[in-house]
Amino acid sequence: MLEIKDLCASLADEEKQILKGVNLTVEAGKVHAIMGPNGSGKSTLSYVLSGKDGYEVTGGSAALDDEDILEMETEERAAAGLFLAFQYPIEIPGVGNMVFMRTAVNAQRKARGEEEMSATEFLKEVRARAKTLKIDADMLKRPVNVGFSGGEKKRNEILQMAMLEPKMCILDETDSGLDVDAMKLVAEGVNALRDKGRAFLVITHYQRLLDHIKPDVVHIMAEGRIVKTGGPELALEVEQNGYSDILAEVA
Amino acid sequence: MQQADTGTKMVHLGKNTKSRIVSKGISAGKAQNTYRGLVSMHQKAKDSRNYTQCDSLLIGGNCGAHTVPYIEVKNNSSRVEHEATTSKVDDEQLFYCRQRGMDEEEAVALVVNGFCKDVLQALPMEFAMEAQQLVAISLEGSVG
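The listed protein sequences derive, respectively, from chains G and B.
Residue 1 is where the first sequence starts when you use our numbering, and the numbers rise one by one after that.
Residue 1001 is where the second sequence starts when you use our numbering, and the numbers rise one by one after that.
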C-alpha cells in the first residue's frame, strides 16, 4: 500500500540531509513500527509523507497504492487516504470539535466525488465512536484540543482517524505524554480500526505501546535510513539493550 | 490596499454601570485595520466598570493592525481595563486542517471563523450565518 524508495529529504533552506535514502514498504492490513534514536528522522519521515511545508524532497519516491503522493498537496494526500496522528496535536480556538471533524470528513468526500455525510448520519457515527474512546459529549463541543489534557488530545486524534477512515495511518509517537491507562485506551482505539484494507505505521520510542498495538514488522531507523528490519522481537531487543549494538552492526 | 478605521464609543453616565466591548479585526493582503475605542466614565458614574478586548488577526505578511484606546475617566472609583492581542493564522493550524483534508482557503476560513466566534455568537442567527459566509467570500483569493 505504501511504498517508499530511496527517499531523501532536507529542511527547505538547509543543505543538511535528514532523510538519506529511506526504503520501506507497508502492505495493506499490516502494522509496521519504527523505532530509533532521537534525531534519526522518524518524525521528519512522517512530515515529508504528509506534505508539511519546510521540507524539500531531494530524491527517491513515495507512493500510496501506486499513486505518487510527493506530487500531491497535503489535502490531496489526505483525500487519497493518508492520515497523520500528530505527536503534538494543534489547538484551534473557537472551532468546535464536531464542526472541525464534519468539515474534514465532507472536504475529503467532496474531493473524492462522494456524497457528503448528512448531519444526522454524522452525529450518530461520531457519538458511537466517541463512546468507545471515552470522549464525552462535552468534549465534542469544545474547541479542538483547546485545554485538552495530553490523553484527551491523543484520543481525539484517534477519534478523527476513526471518522475519516483513512487507508494509511501514520501514528507519530502517539504514546508520548500518556499515562498507562490513557495509552491502553488509545491502543484499543487503534486496534479497533485494524482492517485488511488499512495499514499502520507506528512511530514510537517505547516498547510498551507495542505490547498493546502488536506490530507485524519492526524497523530501526538511524541517521535518516532504515537500518534494520525484523519481527516484534526486535523491539524487545532494543528495550533490553538500547540501540548501540544495532548501530554498531550496521556501521 | 484597504484602510479601515472603525471603533466604538462607550459612555457611562450612571453609578455601577458595567460594559464589555469585544472587537475582532482581521487584516489580509495589504490592508491596515485600526480599532479606535472611546471609553468615557463621567463624574457621576461612580464604581462603573469597562472591559475592552481588542483582538487582531493578521493573514499574510503585508498587512497591519492598530489599536488606539481613548480612556477618559472623571471620577476616582471607575475601573477601565483594556486588553489587546495580535495573532496570525498559525502555519501549524493550517497544516493540521489540510492534513485532515481541507484545502488552504477552507482551512483559513475555518480558523478565522473560530477567531470571530465570540462576536458571531452574539448576533441574531440569520445575520451570523450571513456574516460567516461573508468572511469566507472576503477571504477568497487573499490567501496564498
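Think of the CB as a built atom: it goes at the ideal place given N, C-alpha and C, for glycine as much as any other residue.
All figures in this text were calculated on a predicted structure; none of them were measured in a lab.
Do you know how far the Cα of residue j is from the Cα of residue i?
i, j, result
"residue 1109/B", "residue 1135/B", "7 Å"
"residue 74/G", "residue 1040/B", "50 Å"
"residue 1123/B", "residue 1020/B", "15 Å"
"residue 1151/B", "residue 1064/B", "Any question about residue 1151/B goes unanswered here, given that chain B covers just 1001 to 1144."
"residue 1069/B", "residue 5/G", "59 Å"
"residue 1058/B", "residue 29/G", "44 Å"
"residue 230/G", "residue 1022/B", "58 Å"
"residue 85/G", "residue 238/G", "24 Å"
"residue 212/G", "residue 176/G", "15 Å"
"residue 118/G", "residue 132/G", "22 Å"
"residue 10/G", "residue 19/G", "7 Å"
"residue 235/G", "residue 24/G", "17 Å"
"residue 1141/B", "residue 98/G", "27 Å"
"residue 1035/B", "residue 1086/B", "12 Å"
"residue 1003/B", "residue 1082/B", "23 Å"
"residue 145/G", "residue 114/G", "28 Å"
"residue 244/G", "residue 148/G", "37 Å"
"residue 1001/B", "residue 1114/B", "25 Å"
"residue 1047/B", "residue 187/G", "56 Å"
"residue 1075/B", "residue 1099/B", "55 Å"
"residue 100/G", "residue 169/G", "19 Å"
In the DSSP assignment, the beta strand (DSSP E) including residue i goes from what residue to what residue?
i, result
"residue 1010/B", "1003-1012"
"residue 1103/B", "First-last for residue 1103/B: undefined, no H or E at that position."
"residue 1035/B", "1032-1041"
"residue 1016/B", "Counting along the chain, residue 1016/B falls outside any beta strand (DSSP E), and DSSP gives it neither H nor E."
"residue 198/G", "First-last for residue 198/G: undefined, no H or E at that position."
"residue 1086/B", "1079-1088"
"residue 26/G", "17-26"
"residue 1056/B", "1049-1059"
"residue 3/G", "2-11"
Is it buried or exposed for residue i, if we count other Cβ within 10 angstroms and need 16 for buried?
i, result
"residue 1129/B", "exposed"
"residue 1025/B", "buried"
"residue 1127/B", "exposed"
"residue 1016/B", "exposed"
"residue 160/G", "buried"
"residue 40/G", "buried"
"residue 1121/B", "exposed"
"residue 1091/B", "exposed"
"residue 1043/B", "exposed"
"residue 1009/B", "exposed"
"residue 1013/B", "exposed"
"residue 1056/B", "buried"
Tell me which residue opens and which closes the alpha helix (DSSP H) that residue i is part of.
i, result
"residue 161/G", "150-164"
"residue 81/G", "Segment: none, residue 81/G is in no alpha helix (DSSP H) and carries neither H nor E."
"residue 172/G", "Unbroken run through residue 172/G is the beta strand (DSSP E), 168-172; no alpha helix (DSSP H)."
"residue 1065/B", "Unbroken run through residue 1065/B is the beta strand (DSSP E), 1064-1073; no alpha helix (DSSP H)."
"residue 183/G", "180-192"
"residue 1137/B", "1125-1139"
"residue 125/G", "119-132"
"residue 104/G", "97-111"
"residue 1122/B", "From DSSP, residue 1122/B is part of no alpha helix (DSSP H); its letter is neither H nor E."
"residue 141/G", "137-141"
Indicate, with yes or no, if the ligand PLP has a heavy atom lying under 6 Å from the CB of residue i.
i, result
"residue 171/G", "Among the components modelled here there is no ligand, and therefore nothing to report on the ligand PLP."
Report the residues of the segment 1062-1092 of chain B with a CB closer than 7 Å to any CB of chain G, ordered along the chain. 1091 and 1092
Against chain G: residues of the segment 1006-1030 of chain B by CB proximity under 8 Å: none
Going along the segment 16-36 of chain G in order, which residues come within less than 9 Å of chain B, judged by CB to CB distance? none
Taking a Cβ distance cut-off of 8 Å, strictly less, list which residues of the segment 59-72 of chain G are near chain B, in chain order. none
Below 9 Å between beta carbons is the criterion; list the residues of the segment 97-108 of chain G that meet it against any residue of chain B, in chain order. 99, 100, 101, 103, 104, 105, 106, 107 and 108
Counting only runs of 4+ residues fully inside the segment 206-245 of chain G, write out the alpha helix (DSSP H) ranges in chain order. 207-212 and 233-241
Note down, one range per segment and in chain order, each alpha helix (DSSP H) of at least 4 residues found wholly within the segment 30-58 of chain G. 42-50
Members of the segment 1110-1137 of chain B near chain G, C-beta cut-off 8 Å: 1110, 1111, 1113, 1114, 1115, 1116, 1117 and 1118
Could you list the residues in the segment 157-185 of chain G with a C-beta less than 8 Å from some C-beta on chain B, going in chain order? 160 and 164
Any residues in the segment 124-140 of chain G with a beta carbon nearer than 7 Å to a beta carbon of chain B? Which ones, in chain order? none
Compile a chain-ordered list of the residues in the segment 1042-1059 of chain B whose CB is closer than 8 Å to at least one CB of chain G. none
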